[in-house]
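Colleague: One structure follows; several queries about it will come next.
Protein chains in written order, with my numbering: chain H, 1 to 135; chain C, 136 to 227.
Here it is in structure tokens:
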């Protein structure tokens with residue numbers, strides 16, 4: 001189950017809409033071990049592509065180092081699909097490398113609505129989980 | 136003195152859960168070979184037949200070694216090598 005504030009949910013959706021038709025990506029950091037997303041970190045999509053995303057390696061280093069220094073971890077890793085459903089693709093699954101993270105997928109394929117779904121991806125297995133938005 | 140190597144969560148199965156290990160070598164290549172002796176299987180997660188694996192980021196201190204000399208990047212005692220799996224994916 002992913003529990004997320006309305007504010008953080010809306011920031012992710014706004015980021016995905018702003019970058020459409022390129023895929024948007026980023027992280028929600030939270031205290032290590034808490035499973036609580038608290039801090040929104042939009043990341044640059046170094047691929048700038050409508051079908052692929054990759055964190056810029058230098059930016060990822062700085063963000064991961066800062067999280068480690070502050071005893072945080074990536075609680076949510078999010079990205080958007082701009083023409084397909086908000087479900088992990090084969091590449092999403094094969095590159096999922098943070099076993100403790102919730103993988104949030106957003107789809108901006110429809111102009112008037114945004115799909116927002118969350119998954120655990122561990123050892124190549126995808127499990128969808130319910131999302132609880134806290135106002 | 137040795138070289139400190141920071142290990143991401145997903146590779147800690149090779150280090151008995153340790154987030155940091157130590158090694159020696161004068162290049163990254165030698166360092167990874169040294170680590171393999173104590174952490175069998177780790178090198179293969181970092182290196183393939185063509186060199187450093189494409190979706191694994193390796194940093195010497197704070198620089199991505201792709202912008203240095205890759206596997207041939209010289210390393211020395213007191214350096215910190217950090218491994219982070221690339222975060223990537225997409226609809227394709």
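Just so you know, even glycine gets a beta-carbon here, dropped at the ideal spot from N, CA and C.
Source: prediction; values computed, not measured.
1. Measuring only between beta-carbons, confirm whether residue 226(C) sits less than 7 Å from chain H.
2. Please list, in chain order, the chain C residues whose beta carbon lies closer than 8 Å to that of residue 95(H).
3. DSSP three-state label for residue 36(H), please.
4. I need the straight-line Cα distance from residue 21(H) to residue 186(C), nearest angstrom please.
5. Below 9 Å between beta carbons is the criterion; list the residues of the region 7–31 of chain H that meet it against any residue of chain C, in chain order.
6. Specify, as a first and last residue, the run of the alpha helix (DSSP H) that residue 18(H) falls within.
7. Could you compute how far the alpha carbon of residue 216(C) sits from the alpha carbon of residue 163(C)?
8. Starting from residue 116(H), follow the beta strand (DSSP E) in both directions and report where the run begins and ends.
9. Check whether the region 28–38 of chain H touches the region 79–86 of chain H, counting contact only when three or more Cβ pairs, one atom from each stretch, lie closer than 8 Å.
10. Buried or exposed: which applies to residue 26(H), given that a residue is buried once 16 or more other Cβ atoms fall within 10 Å of its Cβ?
11. Using a Cβ cut-off of 7 Å (strictly closer), state whether residue 194(C) contacts chain H.
12. Under 8 Å by Cβ, that's how I've got residue 121(H) and residue 103(H) pegged, so tell me the actual separation to the nearest angstrom.
13. Measure the CB-CB distance between residue 119(H) and residue 225(C) and report whether it falls below 7 Å.
14. Buried or exposed for residue 202(C), please, with buried defined as at least 16 other CB atoms from any protein chain shown within 10 angstroms of its CB.
15. Which class does residue 144(C) belong to by DSSP, given the choice of helix, strand or coil?
Modeller: Reading it off the structure:
1. yes
2. 190, 220, 221, 222, 223 and 224
3. coil
4. 34 Å
5. 23, 25 and 27
6. 6–19
7. 9 Å
8. 115–122
9. no
10. buried
11. yes
12. 5 Å
13. no
14. exposed
15. helix
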